[in-house]
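One structure is given here, and the rest of the page talks about it.
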Amino acid sequence: MGDLLVQPLTWGSFLTFTVMAVLFLLLILGMVTYGIYFERKILGWMQLRPGPNRTGKLGLLQTVADVLKLLIKEDTIPSKADRPLFKIAPAISFVPSFVVLATIPYTDKLYFANLDIGVLYYVALSALSTIGIVLGGWASNNKYALLGGMRSAAQLISYAVPLVISAVGVVLISGTMNMIGIVERQEGWFWNWNFLPQILGFGVFVIAAIAELNRSPFDLPEAESELVAGYHVEYSGFRFAFYMLAEYVYMIAMSALITVLFLGGWHAPAPFLDFIPGIIWFILKFCFMFFFIIWLRGTMPRIRIDQLMSLGWRVLLPLSLANIFITAIVVEIIKAING
Amino acid sequence: MAIRTEELLLNVGPQHPSTHGVFRIVVKIDGEIIKEATPVIGYLHRGTEKLAEDLNYTQIIPYTDRLDYVSAMTNNYVLVSAVERLMQIEVPERAEFLRVIVMELQRIASHLVWWGTYLLDIGAMSPFLFAFRDREIIIDLFNELCGARLTYFYMRVGGVKWDAPDGWIEKVRDFIPYMRERLKVYDDLVSGNEIFLARIKGIGRYDAQTAIDYGLTGANLRCTGVKRDVRKDHPYSVYDRFEFDIPTRTEGDCYARYLVRIEEIKQSLRILEQAVEMFPEGPIMAKLPRVLRPPEGEVYSRVESPRGELGCYLVSKGKDSPYRLKFRRPSFVNLQILPKILVGESITNLITILGATDIVLGEVDA
Amino acid sequence: MMKGLVKGLGVTLRNLTKKKVTYKYPDEPIKMPNRFRGVQHFDPEKCIVCNQCARICPTNCISLTGKKNPDPESKVKLIIDTFDLNFEICILCDLCTEVCPTEAIVMTNNFELATYSRDELFKDKEWLAANNTNIREENNVSLLKAKRGGAG
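Residue numbers (the numbering used here), protein chains in the order written: chain A, 1 to 339; chain B, 340 to 705; chain C, 706 to 857.
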């Protein structure tokens with residue numbers, strides 16, 4: 001795939017790209033379907049109940065049934081809502097979360113784009129989904145939706161800052177923003193993976209990532225028991241499915257990013273386990289991050305909006321700045337020692 | 340030019356996942372700060388007190404089940420004890436012990452419902468299921484005893500309807516250590532959780548004088564340091580034979596109410612232990628005339644329900660149905676404090692404070 | 706600082722391996738204890754049309770009529786003609802079974818009463834007579850005391 005990208009564009013290679021992209025989109029949709037299924041199953045098991053188990057064998061067709069139900073629902077738009085904005089908001093929310101998946105390297109051969117500014121591109125695009133949420137909240141002509149939209153704008157903007165700054169620590173160690181380069185630097189035993197040298201950055205990044213994803217314990221914008229559903233309260237049918245799709249695809253993208261940046265990408269924990277293909281290791285680490293996010297949802301209560309703001313600005317931001325300083329100093333010292 | 344801002348009039352309820360029933364609060368908010376809050380009730384009013392004027396005393400008891408449907412046994416008891424006081428009936432001891440056991444189990448079940456739903460409002464979804472799992476054991480015990488899971492209709496004037504079946508007391512005895520274990524698990528899961536503590540410490544604070552002025556009772560009063568419990572101040576049934584403490588805290592905020600209710604579960608388990616030990620033999624129903632005709636007079640009987648002091652004021656004119664029956668419902672009185680303490684709080688804290696007040700709409704509206 | 710959070714995470718993780726507590730209803734029927742107050746069963750042979758059940762019902766959901774017994778030999782003067790129970794308002798409180806002197810109306814342990822229209826909730830004598838599975842053993846408490854001998 002990589003060599004196809006650097007050659008001049010021909011009709012043949014364009015066709016290959018299109019087919020691969022469409023296949024990937026379908027694969028991601030399948031992953032979202034079963035991601036939702038696994039979330040409900042794991043949450044159920046943590047709560048001593050089986051989760052979905054009636055539709056299809058073991059409940060595997062549950063999400064399919066849910067999507068079918070959403071598709072055949074009536075498309076209601078509130079009477080005084082802003083129609084063009086109402087219709088466009090879910091799409092604005094969904095598109096960036098899918099686009100960022102193009103920049104992540106899944107193995108050393110399988111990637112869609114080899115950008116030298118991979119990390120920066122990722123962060124810039126993921127901030128765009130905020131617009132979709134705020135638009136959805138505004139265009140619904142509903143006070144609850146407006147409150148949810150405003151809350152989520154504040155939350156997403158304040159947590160984007162520690163997210164970027166803690167990723168800078170990784171960039172400092174690896175010397176490049178290119179994601180493939182970052183992963184290649186982490187080969188060897190598992191203590192080479194970035195989460196150990198960058199433990200502070202890893203902690204800050206994971207917390208900021210969960211806040212970016214609007215997941216518990218930071219799921220104020222869609223606080224089910226307070227604002228009834230926050231910014232998507234007036235959405236039903238397939239528009240609502242778009243928001244849900246955006247959230248889950250973004251969850252997949254974020255877990256994949258954490259795997260690439262901190263958990264060693266496609267490298268095995270020990271060199272002698274190299275015979276297992278890299279994609280399997282990638283998938284295992286990615287699944288672990290996904291499970292961790294779901295585990296947090298089943299356990300933690302919600303943080304209040306003002307506490308969330310003070311956590312973001314007064315705790316995470318100074319920690320990530322401190323992380324950069326310490327990393328920079330250590331990198332310089334190592335460079336000086338090595339001559 | 341300054342930006343013009345307006346206050347927003349927001350309607351919380353009557354259909355809302357966190358208002359514990361059909362309860363409506365109209366709040367005027369400025370950004371996220373509440374400037375004024377007005378509760379609107381009456382969506383569940385069923386006219387129990389008026390209906391009671393046509394029915395004889397045994398027929399009213401099923402209606403009382405449905406007042407505070409989360410703790411039906413205490414409702415049954417308050418009506419039955421009012422009639423017994425008016426008619427000066429001596430209730431047999433075994434019946435009184437059964438009543439105490441059942442009321443304390445009911446208190447635990449009601450507090451478990453409160454705990455699960457309060458944490459669900461705050462955002463954690465797992466404790467709700469654990470609480471209902473444990474409550475299911477209590478409900479199954481009640482199912483074996485009196486044949487219903489929620490609206491028991493167990494107490495009668497002069498005693499109780501059914502005797503405990505074989506093996507029931509042993510099951511109650513086995514439940515006590517199981518519940519103590521579960522309380523430890525709940526502590527691990529919730530009480531030390533920093534997010535949870537940050538959410539409820541210092542919220543909704545009021546002092547003892549405010550609480551007394553507004554007529555609060557139950558955990559809402561005991562969290563401010565006032566040690567008032569009907570079971571100790573005006574002992575009814577056989578409560579004077581048991582040793583138990585009244586948990587109080589002094590902070591007066593939501594966290595204090597949380598801790599008081601968890602401690603009340605522990606004290607209920609203590610009472611249960613003693614009651615199961617001292618359980619006597621004997622009849623379960625006093626000798627009564629076929630038609631109950633209390634003499635003319637008025638009586639007020641009170642009970643410590645899980646929500647506060649539940650009272651029944653009965654005026655009888657010598658007939659077989661009451662002339663006037665009035666229930667002093669604790670949730671109705673407890674929610675009067677909301678307009679005062681909600682001013683200045685944010686909407687998230689509204690849900691937290693409402694949950695900690697523990698109201699049940701069946702009781703608020705009667 | 707994180708200790709409480711970590712303990713909570715431990716609790717939910719341990720629950721992953723525990724046995725599930727969900728009942729598999731409706732694949733497996735739920736067995737109710739014997740005293741459960743379910744839908745009533747009516748035995749027309751035993752009814753003596755004393756009207757106690759209709760009088761005691763708190764919601765007035767029982768309506769019944771009797772007719773003269775065609776059999777001149779028996780001691781029973783009236784036998785039951787129609788017996789209707791309105792399940793829209795019946796609260797299953799079992800006062801009717803408590804007062805019936807002949808245990809003609811008793812409760813069963815069946816609780817499934819859902820229908821597709823409100824008219825079907827108006828049950829008549831034939832339906833109630835046919836509802837004879839899982840009949841409760843103890844119904845009229847005073848008859849019970851008589852069986853045991855003496856009060857209590």
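Ideal Cβ placement from N, Cα and C applies to all residues, glycine included.
Values in this document were obtained by computation on a predicted structure and should not be read as measured data.
Exercise. Any beta-carbon of chain B closer than 8 angstroms to the one on T838 of chain C?
Worked result: Chain B contact via Cβ: absent.
Exercise. So what does DSSP say about I276 of chain A, is it helix, strand or coil?
Worked result: coil
For this session: List the residues of chain C that C319 of chain B touches, going by C-beta distances under 7 angstroms, in chain order.
Result: What is shown of chain B runs 340 to 705, which leaves residue 319 of chain B out entirely.
Exercise. How about V726 of chain C: is its C-beta nearer than 8 angstroms to some C-beta of chain B?
Worked result: So yes, V726 of chain C belongs to the interface.
Exercise. Is there a Cβ from chain C that is less than 8 angstroms from the Cβ of W295 of chain A?
Worked result: W295 of chain A counts as touching chain C.
Exercise. CA-CA distance, R472 of chain B and G694 of chain B?
Worked result: 20 angstroms
Exercise. Mind pulling the alpha helix (DSSP H) runs of 4 or more residues that sit fully within the stretch 448-513 of chain B?
Worked result: Entirely contained in the stretch 448-513 of chain B, the alpha helix (DSSP H) runs reaching 4 residues are, in chain order, 465-485.
Exercise. Taking Cβ positions only, does T717 of chain C come closer than 8 angstroms to chain A?
Worked result: yes
Problem set entry | For L383 of chain B and K852 of chain C, the rounded distance between their alpha carbons | Residue confidence is low: K852 of chain C scores 47 on pLDDT, short of 50, so the model does not pin down where it sits. No coordinate-derived value is stated.
Problem set entry | D369 of chain B - partner residues in DSSP beta bridges | B:I372
Exercise. How many angstroms separate the CA atom of F362 of chain B from the CA atom of L406 of chain B?
Worked result: 15 angstroms
For this session: Quick one: using the 10 Å Cβ neighbour count with 16 as the cut-off for buried, is R719 of chain C buried or exposed?
Result: Looking at its Cβ environment, which holds fewer than 16 other Cβ atoms inside 10 Å, R719 of chain C is exposed.
For this session: Mind checking who C651 of chain B pairs with in its DSSP beta bridge?
Result: B:S640 and B:F666
Exercise. So is G298 of chain A in contact with chain B if we call contact Cβ pairs under 8 angstroms?
Worked result: yes
Problem set entry | Boundaries of the alpha helix (DSSP H) in which V811 of chain C is found, first to last residue | If you look at V811 of chain C, you'll find it isn't in any alpha helix (DSSP H); it sits in the beta strand (DSSP E) that goes I810 to M812.
Exercise. Which residues of chain B have a Cβ atom closer than 8 angstroms to the Cβ of L48 of chain A, listed in chain order?
Worked result: L468, F469 and R472
For this session: Note down the Cα distance separating S660 of chain B from C755 of chain C, rounded to an integer number of angstroms.
Result: S660 of chain B and C755 of chain C: Cα-Cα distance of roughly 22 angstroms.
Exercise. How is the beta strand (DSSP E) around F788 of chain C delimited, first residue to last?
Worked result: According to the DSSP assignment, F788 of chain C belongs to the beta strand (DSSP E) that extends over L783 to N791.
Problem set entry | Close beta carbons around V430 of chain B, own chain, < 7 angstroms, minus the five adjacent residues each side | E423, G497, G498 and A625
For this session: Anything in chain A within Cβ reach of N720 of chain C, meaning under 8 angstroms, just list it in chain order.
Result: W45, M46, Q47 and L48
Exercise. Between the C-alpha atoms of A819 of chain C and L826 of chain C, what's the straight-line distance to the nearest angstrom?
Worked result: 8 angstroms
Exercise. Alpha carbon to alpha carbon, how far is V452 of chain B from S655 of chain B?
Worked result: 36 angstroms
Exercise. Can you find a CB in chain B that lies within less than 8 angstroms of the CB of P217 of chain A?
Worked result: yes
For this session: Identify, in the order they occur along the chain, each residue of the same chain with its Cβ nearer than 8 angstroms to the Cβ of S685 of chain B, setting aside the five sequence neighbours on each side.
Result: If the five residues before and after S685 of chain B are omitted, its C-beta is found closer than 8 angstroms to the C-beta atoms of E371, I372 and I373, all from its own chain and listed in chain order.
Exercise. Taking one C-beta from the stretch 609-617 of chain B and one from the stretch 526-536 of chain B each time, how about it: are there three or more such pairs within less than 8 angstroms?
Worked result: no
Problem set entry | Residues of its chain near L70 of chain A, where Cβ-Cβ distance is below 6 angstroms and the 5 sequence neighbours each way are ignored | G237, F238 and A241
Exercise. Are the C-beta atoms of N350 of chain B and some chain C residue less than 8 angstroms apart?
Worked result: no
Exercise. Would you call the CB atoms of L769 of chain C and I784 of chain C closer than 8 angstroms?
Worked result: no
For this session: Quick one: using the 10 Å Cβ neighbour count with 16 as the cut-off for buried, is A91 of chain A buried or exposed?
Result: exposed
For this session: Specify, as a first and last residue, the run of the beta strand (DSSP E) that T387 of chain B falls within.
Result: No beta strand (DSSP E) holds T387 of chain B; the alpha helix (DSSP H) holding it covers T387 to L390.
Problem set entry | Residues of the stretch 124-146 of chain A whose Cβ lies closer than 9 angstroms to any Cβ of chain B, in chain order | K143, Y144 and L146
Exercise. Is the CB of I692 of chain B under 8 angstroms away from at least one CB in chain A?
Worked result: So, not an interface residue.
Exercise. At a cut of 8 angstroms, does the stretch 151-159 of chain A reach the stretch 105-121 of chain A through at least three beta carbon pairs?
Worked result: no
For this session: Tell whether a beta-carbon distance below 8 angstroms holds between W454 of chain B and L484 of chain B.
Result: no
For this session: Could you round the C-beta distance between E620 of chain B and R433 of chain B to whole angstroms and report it? I think they count as a contact, below 8 angstroms.
Result: 6 angstroms
Exercise. Cα-Cα, which of A:I199, A:L213 and A:A328 is closest to F290 of chain A?
Worked result: A:L213
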